[in-house]
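Number of protein chains: 2
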Amino acid sequence: MAAKTRKRQEMLARPGLIRRRNVAKILKAAETVFASKGFSGASTAAIARLAGVPKPNLHYYFRTKQALYEAVLDHVLGMWVDAMEELHPGADPADALSRYVARKIDLSRRLPAASRLWAMEMLAGAPHIGGFLRGRVRELVAEKSALIETWIEAGRIAPVVPAHLFFVIWAATQTYADFAVQMTAVLNRKSLDADFYDTGRDTLTTLIVNGLGLKR
Amino acid sequence: MAAKTRKRQEMLARPGLIRRRNVAKILKAAETVFASKGFSGASTAAIARLAGVPKPNLHYYFRTKQALYEAVLDHVLGMWVDAMEELHPGADPADALSRYVARKIDLSRRLPAASRLWAMEMLAGAPHIGGFLRGRVRELVAEKSALIETWIEAGRIAPVVPAHLFFVIWAATQTYADFAVQMTAVLNRKSLDADFYDTGRDTLTTLIVNGLGLKR
DNA sequence: GCAAATCCTGACCGATTGATCAAGATGCGC
DNA sequence: GCGCATCTTGATCAATCGGTCAGGATTTGC
């Protein structure tokens, strides 16, 4: 039964050195272009140019612009969700929140395009990930909100509406990727170094930890 | 010398009831479309359709897409800058910061498209407002940062890097416009009512005021 | 009420869009 | 090194893009 020849779609997904290298190049370029121009504003020609491949070659690996976009999104959504696992039962509230903030800001520094693509999707009205938001993310937020509530009931942190706490954390960490251009412009810097992000992390952590009545 | 007929450009800027009404319709539609699709992704046809005017009519009032975009931006940039005036010497730190947060969140509720357009510009790399950021905004931030510093030196608020405090405030207030779609999806709500924004305002205000060692 | 200025719009333009295809080039299993 | 699968690419497609224009309709100033 282990057929020698599989279906077309599966074959296209099979390893193959050339394939993997080209797909990686295209995905990376696509993430950058989609993140700065949005889905409608991005052109497959621009992506192909940045990836260093002819346009028909891009369509050889990804049939449609939509398929390419969804492939890029998959990667981004995964990382976004995974980061929330820093908040888990048994962790010390101040520790867990600090770790989550640190991890989110680290993502903003190392992979800013991912954060920007997420933001771009939201600005566009989340037309491609509505189901994901109403499914996986909603469950995740419900679960983590319940955890925060237990901390509050146990008197370990000050009362707060968990969802809004998350909104603040998400916004204030992702801003270090999404609004990096504004930061460099306003501060008159050529680029943002590690110290800069560390200061951001410390500022936000202090506000949250002190704000929730915790001591560091 | 007060010529009866002025230059073409000035005449085009003259009042006129029909003109004002149509320009307003187009600007409003343009703000919405640019905010969700970005400059490159927005089509003049889509803007004209939403505004309820034929496409050539749109080009009658705004020669180019670029000119229309800049007209929309003007409006947005002005509001963004004005809000910062809540932070002024002589104000009580807790009061001033609370007011600024409240005003910014109020903007996010009442005029979300403006905030989204600002965010869209940043994601695109601020290609149209780089000069504005490095000029007016940089001055403004320097001025307000100096004010924060005086509060710190006077022992009225805990030490903090002013710029990063601003980054947190900007992000956590604008997120109520930029990421509203995510919020409705995650919380399973059809729309976000006034109570929702008030809770957000209170959450953020508490975090900042407590976080900076102030009592409410 | 009559000009002149303003406003409106169908038709149209070249450029760019996402996507396709045939045919050739290259890589790889055996 | 043969043969098949994979990869590459120039040429090309219809659709949409931003923008123009002529000329008719309407408003406005006097």
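Residue numbers (the working numbering), protein chains in the order written: chain A, 11 to 226; chain B, 11 to 226. Ideal Cβ positions, reconstructed from N, Cα and C, are used throughout, including at glycine. Being a predicted model, the structure only gives us computed values, none of them experimental.
Open item on the list: Against chain B, with Cβ distances strictly below 8 Å, would ALA23 of chain A count as a contact?
Closed with: Residue placement at ALA23 of chain A cannot be trusted, given a pLDDT of 44 that sits under 50; what the coordinates show is reported in the next sentence. Output row for ALA23 of chain A: interface = no.
Task: Proximity winner among A:PRO122, A:ARG199, A:ALA187 and A:LEU107, relative to LYS154 of chain A (alpha-carbon distances) - done: A:LEU107
Open item on the list: Alpha carbons only, please: which of B:ALA112, B:VAL86, B:GLY135 and B:SER125 is nearest the one belonging to LEU133 of chain A?
Closed with: B:SER125
TODO: Measure the alpha-carbon distance for THR209 of chain B versus ALA190 of chain A and round it to whole angstroms.
DONE: 28 Å
Open item on the list: Can you check whether the C-beta of ALA156 of chain A is within less than 8 Å of a C-beta belonging to chain B?
Closed with: no
Open item on the list: Using 8 Å as the cut-off, can you tell me whether the stretch 214-226 of chain B makes contact with the stretch 140-158 of chain B, which would need three or more C-beta pairs spanning the two stretches below that distance?
Closed with: no
Task: Residue-level contact to chain B via CB, MET89 of chain A, 8 Å cutoff - done: no
Task: Own chain, CB closer than 8 Å to ALA93 of chain A, minus 5 neighbours either side, in chain order - done: TYR110, ARG113, LYS114 and LEU117
- [ ] Let me know if THR216 of chain B comes out buried or exposed under the rule of 16 or more other beta-carbons within 10 Å of its beta-carbon.
- [x] buried
- [ ] Could I get the ranges of all uninterrupted alpha helix (DSSP H) runs contained in the stretch 54-85 of chain A, with 4 residues as the minimum, in chain order?
- [x] 54-61 and 65-71
Open item on the list: Within a Cβ cutoff of 7 Å, which residues of the same chain sit near ILE167 of chain B, ignoring the five residues on either side of it in sequence?
Closed with: PRO103, TRP161, LEU222, GLY223 and LEU224
Task: 8 Å Cβ cut-off: residues of chain A touching ASN32 of chain B - done: Result: empty, since nearest Cβ-Cβ is about 26 Å, beyond 8 Å.
Task: Alpha carbon of VAL43 of chain A to alpha carbon of LEU127 of chain B, nearest angstrom - done: 18 Å
- [ ] Closer than 7 Å, Cβ to Cβ, to anything on chain A: give me those residues from the stretch 136-148 of chain B, in chain order.
- [x] ALA136, GLY140, LEU143, ARG144, VAL147 and ARG148
Open item on the list: Within 10 Å of its beta-carbon, does ILE36 of chain B have 16 or more other beta-carbons around it, so buried, or fewer, so exposed?
Closed with: buried
Task: Helix, strand or coil at ASP102 of chain A according to DSSP, with G and I counted as helix - done: coil
- [ ] For ASN67 of chain A, go through chain B and note every residue whose CB falls closer than 8 Å to its CB, in chain order.
- [x] Within chain B, no residue comes near ASN67 of chain A; the closest Cβ sits about 23 Å away, beyond 8 Å.
TODO: On a CA-only basis, which of B:ILE158, B:LEU214 and B:ILE28 is nearest LEU97 of chain B? Give me that one, please.
DONE: B:ILE158
Task: Best match in B:GLU41, B:SER46 and B:PHE49 for proximity to HIS85 of chain B [C-alpha to C-alpha] - done: B:GLU41
- [ ] Give me the Cα-Cα distance between LYS14 of chain A and ARG29 of chain A, rounded to the nearest whole angstrom.
- [x] At LYS14 of chain A, the pLDDT of 30 sits below 50, so the modelled position is not reliable and the matter cannot be decided from this model.
Open item on the list: Taking 8 Å as the threshold (beta carbon to beta carbon), is ARG109 of chain B in contact with chain A?
Closed with: no
Open item on the list: Please confirm whether THR209 of chain B has its beta-carbon closer than 8 Å to some beta-carbon of chain A.
Closed with: yes
Open item on the list: My output table needs one value for ILE28 of chain B: the three-state DSSP class, helix, strand or coil.
Closed with: helix
Open item on the list: Check whether chain A comes within 8 Å of ALA120 of chain B, counting only Cβ atoms and requiring the distance to be less than that.
Closed with: Per the sequence presented here, residue 120 of chain B reads as Arg, with Ala not at that position. Closer than 8 Å: no.
- [ ] Would you mind sorting GLU149 of chain B into buried or exposed? The rule is 16 or more other CB atoms within 10 Å of its CB.
- [x] exposed
Task: Within 8 Å, strictly: CB atoms of LEU129 of chain B and ALA129 of chain A - done: In the sequence as displayed, the identity of residue 129 of chain B is Ala instead of Leu. Yes, the Cβ-Cβ distance between ALA129 of chain B and ALA129 of chain A is below 8 Å.
Open item on the list: Give the list of continuous alpha helix (DSSP H) stretches no shorter than 4 residues that lie fully inside the stretch 122-185 of chain A.
Closed with: 122-133 and 148-163
Task: Per-residue DSSP class, three states only, for PHE189 of chain B - done: coil
Task: Neighbour flag for LYS47 of chain B against chain A, beta carbons, 8 Å - done: yes
Open item on the list: Quick check on the DSSP output: the alpha helix (DSSP H) that includes ARG211 of chain B runs from which residue to which?
Closed with: 204-221
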